[in-house]
Amino acid sequence: MQLLKDRIIKDGKIAEGNILKVDSFLNHQMDVAFFCEIGKEFKRRFADCEITKILTIEASGIGIACIAAQYFDVPVVFAKKNKTKNISGEVYKSRVDSFTHDKHYDIIVSKEFLLPSDKVLLIDDFLANGSALLGLAELVSSAGATLVGAGIVIEKAFQCGGEIVRGRDIRVESLARIKEMSKDGVIFG
Ligand code: 5GP
Numbered sequence: 043m044q045l046l047k048d049r050i051i052k053d054g055k056i057a058e059g060n061i062l063k064v065d066s067f068l069n070h071q072m073d074v075a076f077f078c079e080i081g082k083e084f085k086r087r088f089a090d091c092e093i094t095k096i097l098t099i100e101a102s103g104i105g106i107a108c109i110a111a112q113y114f115d116v117p118v119v120f121a122k123k124n125k126t127k128n129i130s131g132e133v134y135k136s137r138v139d140s141f142t143h144d145k146h147y148d149i150i151v152s153k154e155f156l157l158p159s160d161k162v163l164l165i166d167d168f169l170a171n172g173s174a175l176l177g178l179a180e181l182v183s184s185a186g187a188t189l190v191g192a193g194i195v196i197e198k199a200f201q202c203g204g205e206i207v208r209g210r211d212i213r214v215e216s217l218a219r220i221k222e223m224s225k226d227g228v229i230f231g
């Protein structure tokens with residue numbers, strides 16, 4: 043998506059540890075008109091699919107998923123980062139390794155909001171090592187729902203996530219794929 047690539051070049055900042063900061067339009071301040079273009083592009087790419095629900099993960103995925111959901115006309119469910127210990131039974135749970143915070147956490151979703159009849163599209167801001175997507179995919183599988191695919195805004199293709207997730211036969215559509223990233227800038231591919 044050329045608009046996104048141009049925006050990354052213009053406003054993206056490369057930080058320590060292979061982190062791309064896009065806080066001025068995606069991860070902190072949110073450019074809603076730009077999110078609409080992202081939402082339309084996800085809809086165009088998944089136009090051939092029946093989707094009943096969008097599933098994302100708190101926090102950065104929520105804004106993008108909500109705007110995208112307007113084009114699919116479906117509800118958004120976001121997986122919560124688990125803080126309570128004794129709620130098993132009513133929730134599906136999986137484990138995610140955080141790329142940006144260097145720790146593990148559980149994510150949960152209420153059984154009430156993921157049903158075996160659901161056809162689920164995952165949406166997230168970044169794909170790096172794939173842990174967030176795999177954690178979400180596990181929630182879908184625990185619910186007996188169908189995983190349609192994953193819409194990612196920025197895939198860091200120099201990390202292993204894309205290969206791992208696609209290797210599990212999950213369809214991944216990334217709107218920008220970064221092949222290389224250094225202090226001199228990004229190269230798409
Ligand atoms: P993964 O689970 O694929 O390793 O990492 C994906 C998650 O880590 C995303 O939900 C995103 O929030 C965060 N993330 C990974 N790489 C980056 C990055 O370069 N920049 C930002 N802002 N977030 C990232």
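Using this note's numbering, you'd call the opening residue of the sequence shown number 43 and step up by one each time.
The beta carbon of each residue, even a glycine, is placed where N, CA and C say it ideally should be.
- DSSP places F155 within a helical segment (H, G or I) once states are collapsed to three.
- Note: F230 is bridge-paired with I220 in the DSSP secondary-structure output.
- Under DSSP, G191 forms a beta bridge with L163.
- Between the region 102-120 and the region 162-169, the count of Cβ pairs shorter than 8 Å is three or higher; the stretches touch.
- When DSSP states are grouped into helix, strand and coil, A75 belongs to the helix group.
- Here L181 is not near S224, since their CB atoms are 8 Å or more apart.
- The alpha-carbon separation between K52 and L46 amounts to approximately 10 Å.
- Contact between E215 and G204 fails: their C-beta atoms lie close to 11 Å from each other, not under 8 Å.
- Beta-bridge partners of V64 (DSSP): none assigned.
- Per DSSP, V116 lies in no alpha helix (DSSP H) segment and is marked neither H nor E.
- Taking the Cα of I150 as reference, the smallest distance to any Cα among L175, K123, H143 and G191 is reached at K123.
- Contact check for A170 and Q201: beta-carbon distance about 5 Å, within the 8 Å limit, so the pair qualifies.
- Its Cα nearest to that of G103, the residue F120 stands out among T94, K95 and F120.
- Take the alpha-carbon of G131 and the one of F155: they are about 14 Å apart.
- Taking 8 Å as the cut-off, the Cβ atoms of I212 and A192 count as close.
- Taking a C-beta distance under 8 Å as the contact criterion, A199 and G231 qualify as a contact pair.
- Rounded to the nearest whole angstrom, the CA to CA distance from L157 to A187 is 6 Å.
- For I99, the closest of V228, I229, G227 and F168 by C-alpha to C-alpha distance is F168.
- I220 and G105 have their alpha carbons spaced roughly 22 Å apart.
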